[in-house]
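**Q** Structure incoming, see below.
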Amino acid sequence: MDAVDVSEHYEVTSIDSPPSLLSIVIDTNPRAWAALDSRLSLAQAISNILVFVNAHLAFSNTNQVAVIAAHVNRAVWLYPTAQKPAAAKDNSGDVQMQDVSAETNNSSSPSANKYPQFAQIESSVFSSIQSLMAETTIQDLDQVTTQLSGALTLALCRINKASQALSSSDTTLSNAAPVNSTAPPPVKGRIVVISVSDSEPSQYIPTMNAVFAAAHNQVAIDTIALAGDSTFLQQACFNTNGIFLKASNPQGLLTYLMFGLIPDTEARESIITPTHDTVDFRTACFCHGKVVDTGFVCSVCLSIFCEPPENAECLTCGTVLALGNYGAKPAVVPRKKKKKKKIVNGSGREETGSATGTPKP
Amino acid sequence: MSNNPSLHLAEYLERLPGTTFKKLYQQPSTAFAIFRRMLPHLAKTFVMRMLFMPHPMTLNDLDVWVKPEAKRKKDQSLSILRGLHIVQISAPSKEKPQEIQLMSNFKRSLRLALTGGGNHNSFGVPSSLLIPPEIDLPFLDRYARKKWEDVLHFVVSSVGYKSVGDGSGPNKGVKELLIAGRLVDRRPNGGLGITQAGFTFLLQEANAQVWTLLLLWLDVLGNNKGSGLDPVDMLSFLFMLASLELGRAYDTNALTEERRNMLPSLVDFGLIYIPQHKRSMFFPTRLATTLTSGGNSLRTISEGVTAATQSAQTSQQSLGPLGGGGGEQQAGSVVIETNYRLYAYTQSALQIAVLALFAKLNMRFPDMVAGRLSRASIRQAINFGITADQIISYLAAHAHEQMHRTAALTNKPVLPPTVVDQIRLWQLENERMKTTSGFLFRDFTDDKDYLDTARFSEEIGVLVWRNDHARMFFANKHEQIKDFLKTRKRAE
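Chains G and F supply the protein sequences, listed in that same order.
In terms of full-length UniProt numbering, the numbers along the first sequence are unbroken and rise by one, the last being 361.
In terms of full-length UniProt numbering, the numbers along the second sequence are unbroken and rise by one, the last being 492.
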């Protein structure tokens, strides 16, 4: 009789895990890849990345993938390719894009030895990266850094769009119910950056804006740095609880990807992720875009400068700042011999002048 | 001949011997489908991490991968991986630590599936013939839905609720199969009556229903030696179907003779479509291509949008009943409130009939029915042989989008806990015992022996009850405990 425990509560939650959306940002800086070519060519890297993409899609057929190239002067979609909007009857971009890529794929005869979706992504990525390289001019090559912030923003937009499509066109609910910030987002978003070049200091602010937006949306940014000094990406990973991997042997890209970056945000709840113990927290100054260790900060808008601005006027907000006696050698005053303070009223508490404590709000 | 054919894929696969798995994993598409469908998330992560490892790794290293608080999850994942013969763990010995590695067959096939290449043709050979213009996605969806509704109507109409379905009922072969699988019973008076298994079947979500029927079919054909069909090959074929692309035509001539012989039955179930005048091509329908998606995963973005636009189109073309087991019905239509009121946005006679099994429906509108759950209605359902768990899982599987959204926003369970508890309490009024079939372990030689074994069974999640004082415990599966005891004995 008492074996039946009716006090137990049975809770029914939705069992299926939310779909996971992976956006891969590939740094396609031609100079950096040329420097890396002896150890890992771009073509090899892309095919490794494609295996990783397939592995992610294999987890569940609700999982989605987007591949974006961060090029020297712009960010380009590699998959899904945004081609001319075909005469489709619905207005949602996602479906159209997939339709288009399906159609283009129909022309070439698909192989029976490959999962159709994988083949689609492969052909799309290869063709768009070829056209991207063909469009690159000699002037573009002067740039040694990459437009990373644009690619991050594109990836975030896609994740946001997907999660909105999932939580669907219902505004009344979100108005009525207070949005619980601890509630899991309807889609697990994740951005993986494959970085080969240095961080561009002039991109500090846009990059950080993207990073904070990602952190707000619970999107993790993971980075695998094959070469270069990616200061900002370290901070990005740190801020969004992502993984930062510094690949000392770029040849083993696939192993880095499959081992370090395969667990998505759900698996990370139970798996110990590789960590990077030192994070480069340096920032870029607002005046010259130099990465600085110590700088000057406007007391009003918190802008950072590498040297005191002209006329002591903040370049961002225009506040006139007083520098005090910066740079003056501090005068060394010999310390007075202190007399031991006698405790007068028995308590070590400092006299505040009022008998009652500070009132609590 | 097993008397109770397993209704779930996991149970079915568990019973297969290791050699069968070896054969199954020859095909990349099968390895891929089993990976996708059968494994928990953590296990998938393990497999992916080990996939490109050249050497076996020690079990201790695996322990280092997971956080201490997730140990239980890890052990369950490992036990599933072993059960499906995906990993191989070396026997413990004194000189060498235990090592774990992927089965070579599985490893090779999954690698091939991910990287492409090889010459296995396991992802279907597309037909080179011209596709008839009238066959598009909405057409295939309508077709699959019609076929599947016929099956469900047949089962549900045996309860006595005469549904007003327009269908002529499923084929004779399908009817025979349903009877052979004891989803419906022939009654002495010549009529048909639904069994408890039938109710379980009805209350499942569509994906599980399809698998139930397919497994019944495999069982029946497997027992019939004269048919010349190999259940392993058939299962492998089903997994291949799941990896095909919706809306594309495939070549029947590229299939083996046995597989071609399976096609007519699959047409009866609505899994594939063969055009009347072009017998050499077949189209997989949504029922087939979503075989490997678990649970409610039809609520995906792209498919959700497609389904929405398609249902809008179909309702313009014909005001046919929506839902009833086809693709789009998955979106869910049932809202249940804390005051036991129930609203279902459906016009499907089938779904209404199912709801009427356990709810008192009192209003019907053009696109919605309303009613409430009461003690009487639940008791009536229990008398039919439906269990509270079935009702609750039906409600959860068919919960309206809005219920999921509210649940996600407020971080609460999908169904109101008061209602869920009450349904169970109503059931408990009658039955105060719950039976679990399993095995009692007792008469351990010493306390340590007992404690170790009990802890092991708890870790792999098979422990049902234990009494430390009497040194007894009860588990619902014994194979791995047996192995555990054996290795213990050997180590001593």
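The C-beta atom is built at its ideal place from N, Cα and C for all residues, glycine as well.
If residue 222 (chain G) sits next to residue 199 (chain G), beta carbons under 8 angstroms apart, how far is it from one beta carbon to the other, in whole angstroms?
**A** 16 angstroms between Cβ atoms; not a contact.
**Q** How long is the line joining the alpha carbons of residue 417 (chain F) and residue 207 (chain G), rounded to whole angstroms?
**A** If you take the alpha carbons of residue 417 (chain F) and residue 207 (chain G), they lie about 44 angstroms apart.
**Q** Residues of chain F with a CB under 7 angstroms from the CB of residue 259 (chain G): which are they?
**A** Near residue 259 (chain G) (Cβ distances below 7 angstroms), the residues of chain F are 49.
**Q** Here's the rule: buried if 16 or more other CB atoms are within 10 angstroms of the residue's CB, otherwise exposed. What is residue 117 (chain F)?
**A** That one is exposed.
**Q** Count the other C-beta atoms from every protein chain shown that fall within 10 angstroms of the C-beta of residue 430 (chain F), then say buried if there are 16 or more, exposed otherwise.
**A** That one is exposed.
**Q** Mind checking which residues open and close the beta strand (DSSP E) that includes residue 103 (chain F)?
**A** Looking at the DSSP string, residue 103 (chain F) is not in any beta strand (DSSP E), and its letter there is neither H nor E.
**Q** Tell me which same chain residues have a C-beta within less than 7 angstroms of the C-beta of residue 286 (chain G), skipping the five on either side of it?
**A** Excluding residues within five positions, the ones whose Cβ falls inside 7 angstroms are 303, 304, 305, 315, 316.
**Q** Taking only beta-carbon atoms, is residue 243 (chain G) less than 8 angstroms away from chain F?
**A** Not one chain F Cβ lies under 8 angstroms of residue 243 (chain G).
**Q** Using a C-beta to C-beta distance shorter than 8 angstroms, which residues of chain G count as neighbours of residue 117 (chain F)?
**A** What residue 117 (chain F) touches in chain G: 113, 114.
**Q** Can you say whether residue 296 (chain G) is buried or exposed, counting buried as having 16 or more other CB atoms within 10 angstroms of its CB?
**A** Flag for residue 296 (chain G) reads buried.
**Q** For the beta strand (DSSP E) that contains residue 64 (chain G), what are its first and last residues?
**A** That run of the beta strand (DSSP E) goes 64-70.
**Q** Buried or exposed: residue 338 (chain F), going by 16 or more other Cβ atoms within 10 Å of its Cβ?
**A** Residue 338 (chain F) should be labelled exposed.
**Q** Return the residue from the list G:300, G:160, G:283 that minimises the CA-CA distance to residue 187 (chain G).
**A** Nearest of G:300, G:160, G:283 to residue 187 (chain G), Cα basis: G:160.
**Q** Assuming residue 229 (chain F) and residue 258 (chain F) are in contact, meaning their beta carbons sit under 8 angstroms apart, how far apart are those beta carbons, in whole angstroms?
**A** Confirmed, about 6 angstroms.
**Q** Tell me which residue opens and which closes the alpha helix (DSSP H) that residue 50 (chain F) is part of.
**A** 41-51 is the extent of the alpha helix (DSSP H) around residue 50 (chain F).
**Q** Helix, strand or coil, according to DSSP, for residue 222 (chain G) in the structure here?
**A** DSSP places residue 222 (chain G) in strand when its eight states are reduced to three.
**Q** Looking at the structure shown, is residue 255 (chain F) part of a helix, part of a strand, or coil, going by DSSP?
**A** Correct three-state label for residue 255 (chain F): coil.
**Q** Which runs of the beta strand (DSSP E) fall wholly inside the segment 332-410 of chain F and span at least 3 residues, in chain order?
**A** DSSP runs (the beta strand (DSSP E)) wholly in the segment 332-410 of chain F: 334-336, 341-344, 360-365, 368-372.
**Q** From which residue to which residue does the beta strand (DSSP E) around residue 27 (chain F) run?
**A** Careful: residue 27 (chain F) lies outside any beta strand (DSSP E) and carries neither H nor E.
**Q** Looking at chain G, is there any beta carbon in it that lies within less than 8 angstroms of the beta carbon of residue 467 (chain F)?
**A** Output row for residue 467 (chain F): interface = no.
**Q** In the DSSP assignment, the beta strand (DSSP E) including residue 473 (chain F) goes from what residue to what residue?
**A** Unbroken beta strand (DSSP E) run through residue 473 (chain F): 472-475.
**Q** Return the residues of the segment 277-301 of chain G that lie within a Cβ-Cβ distance of less than 7 angstroms from chain F, sorted by chain order.
**A** So the list is empty, because no residue satisfies the distance condition.
**Q** Suppose you measure from the CA of residue 179 (chain F) to the CA of residue 286 (chain F); what does that come to, to the nearest Å?
**A** Going from the Cα of residue 179 (chain F) to the Cα of residue 286 (chain F) covers about 26 angstroms.
**Q** What does residue 263 (chain G) touch in chain F if you count any residue whose Cβ is under 7 angstroms from its own?
**A** Neighbours of residue 263 (chain G) on chain F, chain order: 45.
**Q** With a cut-off of 8 angstroms, does the C-beta of residue 51 (chain G) fall near any C-beta of chain F?
**A** Chain F, which has a Cβ nearer than 8 angstroms to the Cβ of residue 51 (chain G), makes this yes.
**Q** Hey, quick one: how far does the alpha helix (DSSP H) through residue 246 (chain G) stretch, first residue to last?
**A** No alpha helix (DSSP H) contains residue 246 (chain G), which is instead part of the beta strand (DSSP E) from 244-246.
**Q** Whose Cβ in chain G lies nearer than 8 angstroms to the Cβ of residue 36 (chain F)?
**A** Chain G residues near residue 36 (chain F): 58, 59, 60, 61.
**Q** Mind checking if residue 207 (chain F) is an interface residue toward chain G, Cβ cutoff 8 angstroms exclusive?
**A** Not one chain G Cβ lies under 8 angstroms of residue 207 (chain F).
**Q** Quick check on the burial criterion: 16 or more other C-beta atoms within 10 angstroms. Buried or exposed for residue 282 (chain F)?
**A** Buried.
**Q** Identify the residues that DSSP records as bridge partners of residue 185 (chain F): which are they?
**A** Beta-bridge pairing links residue 185 (chain F) to F:193.
**Q** Put residue 433 (chain F) into one of helix, strand or coil per three-state DSSP.
**A** DSSP places residue 433 (chain F) in coil when its eight states are reduced to three.
**Q** At a cut of 8 angstroms, does the segment 200-217 of chain F reach the segment 90-110 of chain F through at least three beta carbon pairs?
**A** With a cut-off of 8 angstroms, the segment 90-110 of chain F and the segment 200-217 of chain F do not count as touching, because too few Cβ pairs lie within range.
**Q** So, is the C-beta of residue 160 (chain G) closer than 8 angstroms to a C-beta in chain F?
**A** No, because no Cβ of chain F sits closer than 8 angstroms to the Cβ of residue 160 (chain G).
**Q** On the CB-based measure, 16 or more other CB atoms within 10 Å of its CB, does residue 145 (chain F) come out buried or exposed?
**A** By the neighbour-count rule (16 or more Cβ atoms within 10 Å), residue 145 (chain F) is buried.
**Q** Can you give me the Cβ contacts of residue 244 (chain F) inside the same chain, cut-off strictly under 8 angstroms, excluding the 5 residues immediately before and after it?
**A** Answer for residue 244 (chain F): 123, 124, 250, 284, 288, 289, listed in chain order.
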